[in-house]
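Using my numbering, you'd call the opening residue of the sequence shown number 24 and step up by one each time. For each residue, glycine too, the CB sits at the ideal point set by N, CA and C. Structure record follows, encoded as structure tokens.
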Amino acid sequence: MSEKLYERHGRKVIVVSGGANNIGKGIALSFLKDGWQVGIMDRDKKSLDDFPERENVNIFLYTGDVSDEYAVAEFYVLLKERFGRLDAIVNNAAIGQFKNFLDLSVGEWKRAIDVNLTGCFLMTRFGIPLMLENPGKGAIVNISSTRALMSEPGNEAYSSSKAGILGLTHALANSLGPNVRVNAICPGWILHENEEVTKQDHKQHLTGRAGTIDDITSLVAFLVDDEKSGFITGQYFVVDGGMTRKMLYI
Ligand SMILES: NC(=O)c1ccc[n+]([C@@H]2O[C@H](COP(=O)([O-])OP(=O)(O)OC[C@H]3O[C@@H](n4cnc5c(N)ncnc54)[C@H](O)[C@@H]3O)[C@@H](O)[C@H]2O)c1
Numbered sequence: 024m025s026e027k028l029y030e031r032h033g034r035k036v037i038v039v040s041g042g043a044n045n046i047g048k049g050i051a052l053s054f055l056k057d058g059w060q061v062g063i064m065d066r067d068k069k070s071l072d073d074f075p076e077r078e079n080v081n082i083f084l085y086t087g088d089v090s091d092e093y094a095v096a097e098f099y100v101l102l103k104e105r106f107g108r109l110d111a112i113v114n115n116a117a118i119g120q121f122k123n124f125l126d127l128s129v130g131e132w133k134r135a136i137d138v139n140l141t142g143c144f145l146m147t148r149f150g151i152p153l154m155l156e157n158p159g160k161g162a163i164v165n166i167s168s169t170r171a172l173m174s175e176p177g178n179e180a181y182s183s184s185k186a187g188i189l190g191l192t193h194a195l196a197n198s199l200g201p202n203v204r205v206n207a208i209c210p211g212w213i214l215h216e217n218e219e220v221t222k223q224d225h226k227q228h229l230t231g232r233a234g235t236i237d238d239i240t241s242l243v244a245f246l247v248d249d250e251k252s253g254f255i256t257g258q259y260f261v262v263d264g265g266m267t268r269k270m271l272y273i
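Structure follows, in structure tokens:
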């Protein structure tokens, strides 16, 4: 192995699904900045083409759908060829699915479960063999939602998919320990890039503000770091400015 390639193989590798935009993009860029090699799988080709660090030798961008097992399998074959190892997976890709329950079609229900829950399973199932080749410890962080824990009308498909992620998280923690730790994050309202909201929107949170992409990124960094969170697995962490602790009877 050439010196340069060896140096690259020594760097840790993280995979971020849905890393082309917003939260996933923030996570990918922060790990890249911290010296990791980053693989992104996202179906949004345009955003991947415009990705700020697309020419960086430490980044691998792949256009594909996380609910397509053949695409996921190919992603990991190419990731292995490119980086040769895998240390962490962040299952972040998801679609919203909010619709009056009586208008929700079976196809729409299935699509939300396929992308949000089965996608999480596939990215983990096909990534784990490569992760287990590592002598070190691996970590998985699944991005769920506070909607796994509470609801508004019309939330059925999305909430079910996100609650399923919490079950998958503790099941995987049992199956993959002690080599791989598996945790989930339940974000509340996290502002997108350049999104602005009213003072009232901020003020309703116990923290006096809505969430930022950095609020999620910093917790992902903590959960992936075995020195800081090595005794934590199978858990979920709510990052919502206290909204799930606030009673809202009218
Ligand atoms: N933003 C919030 O307030 C919030 C709140 C709770 C939970 N979350 C969760 O955080 C994660 C990121 O949210 P976000 O706000 O950045 O969403 P976003 O829609 O901005 O980004 C999601 C990314 O996933 C990609 N994606 C969607 N379907 C895909 C598929 N089938 N295959 C591959 N890629 C796919 C999209 O192209 C996009 O790049 C999601 O899991 C979401 O459910 C977000």
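Host alpha helix (DSSP H) of residue i (start-end)
| i | result |
| --- | --- |
| residue 236 | 236-247 |
| residue 51 | 45-56 |
| residue 197 | 179-199 |
Assigned secondary structure, residue i (DSSP; H/G/I helix, E/B strand, else coil)
| i | result |
| --- | --- |
| residue 40 | strand |
| residue 268 | helix |
| residue 25 | Confidence at residue 25 is low in this model, with a pLDDT of 46, below 50, so its placement is unreliable and no value can be given for it. |
| residue 256 | coil |
| residue 262 | strand |
| residue 114 | strand |
| residue 77 | coil |
| residue 62 | strand |
| residue 121 | coil |
| residue 88 | coil |
| residue 208 | strand |
| residue 139 | helix |
| residue 273 | coil |
| residue 203 | strand |
| residue 30 | With a pLDDT of only 49 at residue 30, under the threshold of 50, the placement of this residue in the model should not be trusted, and no figure is reported. |
CA nearest to the CA of residue i, picked from the options
| i | options | result |
| --- | --- | --- |
| residue 216 | 233, 229, 223, 227 | 233 |
| residue 228 | 239, 218, 244, 211 | 211 |
| residue 44 | 60, 84, 56 | 84 |
| residue 77 | 55, 92, 206 | 55 |
| residue 190 | 203, 40, 167, 201 | 167 |
| residue 194 | 110, 143, 108 | 143 |
| residue 128 | 213, 179, 33, 149 | 179 |
Ligand 1 heavy atom lying under 6 Å from the CB of residue i
| i | result |
| --- | --- |
| residue 134 | no |
| residue 233 | no |
| residue 77 | no |
| residue 206 | no |
| residue 278 | Residue 278 lies beyond the stretch modelled for the chain, which goes from 24 to 273, so this question has no answer here. |
| residue 261 | no |
| residue 264 | no |
Range covered by the beta strand (DSSP E) that runs through residue i
| i | result |
| --- | --- |
| residue 233 | Neither: residue 233 is in no beta strand (DSSP E) and is coded neither H nor E. |
| residue 166 | 161-166 |
For this session: Report yes or no: do the stretch 176-187 and the stretch 150-162 share at least 3 C-beta pairs separated by less than 8 Å?
Result: No: the two stretches stay apart, fewer than three of their Cβ pairs being nearer than 8 Å.
Exercise. Touching or not, the stretch 90-103 and the stretch 70-81, by the rule of three or more beta carbon pairs under 8 Å?
Worked result: no
Exercise. Is it a yes or a no for the stretch 34-52 touching the stretch 122-137, going by three-plus beta-carbon pairs under 8 Å?
Worked result: no
Exercise. Any chance the stretch 103-121 sits against the stretch 134-142, with 3 or more Cβ pairs inside 8 Å?
Worked result: yes
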